[in-house]
Amino acid sequence: MQSLWLDGRRPIPTHPFMADEEYDDVVVGAGITGLSTALMLAEAGRHVVVLEAREIGALATGNTTGKISLLQGSRLSTIRAHHSRRIVQAYVDSNRDGQEWLLDFCERAGAPVQRRTAYSYAQHRAGAADVEAEYRAAREAGLPVSLVERADVPFPFAFGVALAEQAQFDPMDALDALARELIAAGGTIHTRVRVTGVRASSPALVTTSAGEVRGRTVVLATATPILDRGLYFAKTHGQRSYGMALELRDAGPGDLPEGMFLSIGDSSHSRSVRTAPRDGHDLLVIGGNGHEVGRPGAESEAELVDDLRDWGQTFFPGARMTHAWSAQDYESHNLIPFVGALPRGRGRIYLATGYAKWGMTNAVAAGIRICAEIFGDPWRERRHWHQVLGSRATRPADLARGARAGVQVGAAALSGWLGAEGESTPIARPGEGEGVVANAKGRPVGISTVDGTTCAVSAVCTHLGGVLHWNDAERSWDCPLHASRFAADGTRLEGPALADLERMPRRTHPPRIAGT
Numbered sequence: 001m002q003s004l005w006l007d008g009r010r011p012i013p014t015h016p017f018m019a020d021e022e023y024d025d026v027v028v029g030a031g032i033t034g035l036s037t038a039l040m041l042a043e044a045g046r047h048v049v050v051l052e053a054r055e056i057g058a059l060a061t062g063n064t065t066g067k068i069s070l071l072q073g074s075r076l077s078t079i080r081a082h083h084s085r086r087i088v089q090a091y092v093d094s095n096r097d098g099q100e101w102l103l104d105f106c107e108r109a110g111a112p113v114q115r116r117t118a119y120s121y122a123q124h125r126a127g128a129a130d131v132e133a134e135y136r137a138a139r140e141a142g143l144p145v146s147l148v149e150r151a152d153v154p155f156p157f158a159f160g161v162a163l164a165e166q167a168q169f170d171p172m173d174a175l176d177a178l179a180r181e182l183i184a185a186g187g188t189i190h191t192r193v194r195v196t197g198v199r200a201s202s203p204a205l206v207t208t209s210a211g212e213v214r215g216r217t218v219v220l221a222t223a224t225p226i227l228d229r230g231l232y233f234a235k236t237h238g239q240r241s242y243g244m245a246l247e248l249r250d251a252g253p254g255d256l257p258e259g260m261f262l263s264i265g266d267s268s269h270s271r272s273v274r275t276a277p278r279d280g281h282d283l284l285v286i287g288g289n290g291h292e293v294g295r296p297g298a299e300s301e302a303e304l305v306d307d308l309r310d311w312g313q314t315f316f317p318g319a320r321m322t323h324a325w326s327a328q329d330y331e332s333h334n335l336i337p338f339v340g341a342l343p344r345g346r347g348r349i350y351l352a353t354g355y356a357k358w359g360m361t362n363a364v365a366a367g368i369r370i371c372a373e374i375f376g377d378p379w380r381e382r383r384h385w386h387q388v389l390g391s392r393a394t395r396p397a398d399l400a401r402g403a404r405a406g407v408q409v410g411a412a413a414l415s416g417w418l419g420a421e422g423e424s425t426p427i428a429r430p431g432e433g434e435g436v437v438a439n440a441k442g443r444p445v446g447i448s449t450v451d452g453t454t455c456a457v458s459a460v461c462t463h464l465g466g467v468l469h470w471n472d473a474e475r476s477w478d479c480p481l482h483a484s485r486f487a488a489d490g491t492r493l494e495g496p497a498l499a500d501l502e503r504m505p506r507r508t509h510p511p512r513i514a515g516t
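Heads up: the sequence shown is residues 1 to 516, going by the UniProt record's numbering.
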């Protein structure tokens, strides 16, 4: 699986790694959070390095749907149901600042942006109450939204709320521009360098797969913090959702929807719809079918991808799928992103997590706030939302959401270990694209076959010991506890885990042959 945005894109030129260097700021992660934060720091005259374990934009940013919107599905009404009007207003204001910074940057850097009206809509009249709740929350926060009874689209649209003058883009165009501007401002970028630890000494010591570097501050722009200080892995939950590009070669004017659409009211079968310019014509970009990482429910990940494709081809006959992909993001139990100094980091380590799939605006807002803290800006001179979102008290609703998540994680941990007892090695070699967890003398082993190669790895997550689940769409081992993910050969992909899976002797029978 590969996203439309990443396909055919050449790696952005970066620098060879130099160990034992010292910087003002070490930024870990080269997505929208890391690169925008690094550029703000570098433009203030600081000596900045970005360390990226894979390539620029390899994870969430390169696999997003690329919407830059203040109307975010049912986000505002969801927050309003658990928090005060003041908190919702601060959330909107922070996203507005992030949106304005990003759009201004794209304009001056020449990264193309398309202005569109955003719609949060109900697929059926039963969802009208959800639309009205979002409308009220948005109006209360000062957004000029309107209610819409109909839209010129072929898919079910019963009722919606609209916000004009929002935007969409190719996120990799923006990352490419951010990286080039950062380098021009004196910053350094290292790819294929995985950070394995951070010590809050003075200066902070950052250990990597290629050596050590030091920095006066360290910013963890890694979707979820790779350090367990503060237990943010337990205060958020990881979500995967799917994206797809469809081509309609004979599409004429009006055949593709004008605007950015996101259904609300049924999160398990949500639908996101936008267009994307490619090679002189527009592609249709659809998304949805989100679920907790490692817990897809009754349907497997591959079946969820098929369901999304079938939906697109049902309402856009003749559409041909050109790309399919998936992305991972984290939602905090109290619904507001966690941004700022990491506990027990001695004021030298900062984090940003919990964007709940709205990273294009939240990520830049996080960078703005982190930079204000690093620069030591007085509170009275900061934007009001810095103070409001920086002094949140835990509410009973937050505790309840966290407790429910804890129960689900506990159930996933128990069922994983019980399930691993079901089949003992040796086993029949899995078919192409298949994976199975088996019991090797009481130890869960994950055995899979990908591109003709069968691998056996420990099926126990290297973070906190959850038994892994085979993701048949992306051919990966996913942890249902805290959303760490690993390739078929055990290589860590993302999440709070830092170590690869242990590779184990393969204990399989030859593949069964029908009739023998």
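All C-beta atoms in this analysis are idealised placements derived from N, C-alpha and C, irrespective of residue type, glycine included.
Exclusion of the five residues before and after S69 leaves A118, Q166 as the residues of its chain whose Cβ lies within less than 6 Å of its Cβ. Among the bridge pairs identified by DSSP, M321 is matched with L246. Annotation for M260: the continuous beta strand (DSSP E) segment containing it runs 260-263. Three or more pairs of CB atoms, one per stretch, sit closer than 8 Å, so the stretch 39-50 contacts the stretch 20-29. Pairwise C-beta distances place the stretch 186-198 in contact with the stretch 54-71, as three or more of them are shorter than 8 Å. About 6 Å separates the Cβ atoms of A223 and A60, confirming a contact at the 8 Å cut-off. Nearest to G290 by C-alpha distance, out of P277, I264, G390, R136, is I264. Here R380 carries a helix assignment [DSSP, helix/strand/coil]. For the set P317, Y330, I370, the Cα lying nearest the Cα of P154 is the one of P317. A Cβ-Cβ separation of about 6 Å places S326 in contact with R240 under the 8 Å criterion.
Only residues of its own chain outside the window of five on either side were considered, and among them L71, G73, S74, V131, E134, G160, V161, L262, I264 have a CB closer than 7 Å to the CB of S120, listed in chain order. V273 carries a strand assignment under DSSP once its states are collapsed to helix, strand and coil.
In this chain, the alpha helix (DSSP H) harbouring L178 covers 171-184. The C-beta distance from H469 to L4 rounds to 27 Å, too long to fall under 8 Å, and the pair is not in contact.
When only Cα atoms are considered, S77 and R136 end up about 8 Å apart.
DSSP, read as helix, strand or coil, puts V219 in strand. For E21, same chain residues with a beta-carbon under 6 Å away, outside a window of 5 residues either side, are V213 in chain order. Distance from the CA atom of E181 to the CA atom of G465, rounded to whole angstroms, is 41 Å.
DSSP places V445 within a strand segment (E or B) once states are collapsed to three. Contact between the stretch 94-101 and the stretch 248-259 is absent, with fewer than three C-beta pairs closer than 8 Å.
Residues E331 of the same chain have their beta carbon placed closer than 6 Å to that of A356, with the five preceding and five following residues left out of the count. C-alpha of R199 to C-alpha of V460: approximately 26 Å in a straight line. When Q168, P203, I87, R150 are compared, the shortest CA-CA separation from T275 is found for Q168.
Contact annotation: A488 and E301 have beta-carbon atoms that are not nearer than 8 Å.
Sequence-distant partners of P156 (beyond 5 residues in either direction) whose C-beta falls short of 8 Å from its own C-beta, in its chain, are Q123, H124. For R96, the three-state secondary structure derived from DSSP is helix.
One alpha carbon belongs to A438, the other to S458, and they sit about 10 Å apart.
Per the C-alpha coordinates, the member of R503, C371, R346 positioned closest to P203 is R346. Your pair F315 and H482 does not check out as a contact, with CB atoms roughly 36 Å apart and the cut at 8 Å.
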